[in-house]
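S.K.:
Residue numbers (the UniProt record's numbering): 1 to 191.
1. Note the first and the last residue of the continuous alpha helix (DSSP H) segment covering residue 33.
2. Does the separation of the CB atoms of residue 143 and residue 35 fall below 8 Å?
3. Run through DSSP, which three-state label would residue 77 get?
4. Does DSSP put residue 135 in a helix, a strand or coil?
5. Under a three-way DSSP split, which group does residue 140 fall into?
6. When you compare only the Cα positions, how much space is there between residue 59 and residue 109?
7. To the nearest angstrom, how far is it from the Cα of residue 97 to the Cα of residue 90?
8. Using the Cα positions of residue 41 and residue 86, report the straight-line distance between them to the nearest angstrom.
9. Can you name, in chain order, every residue of its own chain whose Cβ lies under 8 Å from the Cβ of residue 38, other than the five neighbours on each side?
10. Leaving out the 5 sequence neighbours to the left and right, which residues in its chain are closer than 8 Å to residue 128 when beta-carbon positions are compared?
11. Do you know offhand how far residue 71's Cα is from residue 130's?
12. Can you pull the DSSP bridge partners for residue 62?
13. Roughly how many whole angstroms lie between the Cα atoms of residue 114 and residue 120?
14. For residue 112, is the classification buried or exposed, using 16 other Cβ atoms within 10 angstroms of its Cβ as the cut-off for buried?
15. Expressed to the nearest angstrom, what Euclidean distance is found between the alpha-carbon atoms of residue 116 and residue 122?
16. Just checking my contact of residue 102 with residue 26 at CB under 8 Å: how many whole Å lie between their CB atoms?
17. Comparing alpha-carbon positions, which option in 93, 69 and 75 lies nearest residue 82?
18. How would you write the range of the alpha helix (DSSP H) that residue 106 sits in, first residue to last?
19. Can you list, in chain order, the residues of its chain whose CB lies under 7 Å from that of residue 28, leaving out five sequence neighbours each side?
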């Protein structure tokens with residue numbers, strides 16, 4: 001009985017030390033942008049990948065019957081990390097993939113992405129590829145500043161160009177342009 005109570009207290013204590021977090025879709029997108037490690041073009045793909053792999057839970061951990069272990073938001077296999085010390089292809093401790101600091105997890109995931117692409121994660125291939133639902137949803141997040149000044153400037157420029165084209169004739173050759181604009185302009189000026 002004493003050991004059961006002691007075990008229970010130890011579990012509660014250890015769980016209290018664990019800084020783990022389950023993100024909302026919007027808070028995850030915001031945190032990913034803050035890391036400055038991923039391109040905003042792929043933000044929807046990353047959020048979908050994390051959602052399908054770990055349900056946006058930083059402490060997600062799976063151990064298969066064959067002994068393979070998967071850690072954290074991205075469910076990174078133990079090939080990319082080492083237990084108890086830095087190592088693996090990402091040179092990181094596996095335990096660091098289970099805390100609420102997503103920067104190191106994202107660095108490792110981006111490393112995997114650059115070597116293997118999104119296809120490395122089977123759930124991305126089956127559940128995220130060609131699915132724009134999550135991308136559409138994250139751009140509705142009120143606290144997400146994905147529309148940078150550059151994007152706003154490019155949209156403004158696009159709108160001005162479109163307005164400038166209204167009423168423009170298609171110029172097929174320099175001769176046509178010369179006849180339509182230069183000669184006609186001289187004739188109007190002479191009148």
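Note that CB positions come from ideal geometry on N, CA and C, so glycine has one too.
M.R.: By the coordinates alone:
1. Translated into the one-based positions of the chain shown, residue 33 becomes position 33. Counting along the chain, the alpha helix (DSSP H) containing residue 33 begins and ends at 25-35.
2. Taking the chain shown and counting its residues from 1, the one referred to as residue 143 is at position 143. Taking the chain shown and counting its residues from 1, the one referred to as residue 35 is at position 35. Contact flag unset, no.
3. Position 77 of the chain shown, counting from 1, holds the residue named residue 77. In the structure shown, residue 77 sits in a strand (DSSP, three-state: E or B).
4. Within the chain shown, residue 135 is the residue found at index 135, counting from 1. In this structure, DSSP gives residue 135 a helical state, which the three-state scheme calls helix.
5. As a first step, residue 140 is located in the chain shown; it is residue number 140 there, counting from the start. DSSP places residue 140 in coil when its eight states are reduced to three.
6. On the chain shown, position 59 is the one that residue 59 refers to. On the chain shown, position 109 is the one that residue 109 refers to. Distance between the alpha carbons of residue 59 and residue 109 is about 16 Å.
7. Here the question's residue 97 lines up with position 97 in the chain shown. Here the question's residue 90 lines up with position 90 in the chain shown. Each residue's Cα considered, the two are about 11 Å apart.
8. Reading the chain shown from its first residue, position 41 is the one you call residue 41. Reading the chain shown from its first residue, position 86 is the one you call residue 86. Computed Cα separation, rounded: 31 Å.
9. Looking up residue 38 in the chain shown gives position 38. Cβ contact annotation for residue 38 (same chain, cutoff 8 Å, sequence separation greater than five): 32, 46, 106 and 110, in chain order.
10. Mapped onto the chain shown, residue 128 falls at position 128. The residues are 45, 48, 49, 52, 118 and 134.
11. Counted from its first residue, the chain shown places residue 71 at position 71. Counted from its first residue, the chain shown places residue 130 at position 130. Rounded to whole angstroms, residue 71 and residue 130 show a C-alpha spacing of 26 Å.
12. As a first step, residue 62 is located in the chain shown; it is residue number 62 there, counting from the start. Answer is 70.
13. As a working note, residue 114 is residue 114 in the chain shown. As a working note, residue 120 is residue 120 in the chain shown. So the alpha carbons of these two residues sit roughly 10 Å apart.
14. Here residue 112 refers to the residue found at position 112 of the chain shown. Per the 10 Å Cβ criterion, buried.
15. Residue 116 sits at position 116 when you count from the first residue of the chain shown. Residue 122 sits at position 122 when you count from the first residue of the chain shown. The C-alpha of residue 122 is placed about 12 Å away from the C-alpha of residue 116.
16. Taking the chain shown and counting its residues from 1, the one referred to as residue 102 is at position 102. Taking the chain shown and counting its residues from 1, the one referred to as residue 26 is at position 26. No, residue 102 and residue 26 are not in contact; Cβ-Cβ is about 15 Å, not under 8 Å.
17. Locating residue 82 in the chain shown gives position 82, where the first residue counts as 1. Per the Cα distances, 93.
18. Position 106 of the chain shown, counted from the start, is the residue given in the question as residue 106. For residue 106, the uninterrupted alpha helix (DSSP H) segment begins and ends at 102-116.
19. Numbered from its first residue, the chain shown carries residue 28 at position 28. Counting only Cβ-Cβ distances below 7 Å, and skipping sequence neighbours, we find 47, 50 and 56.
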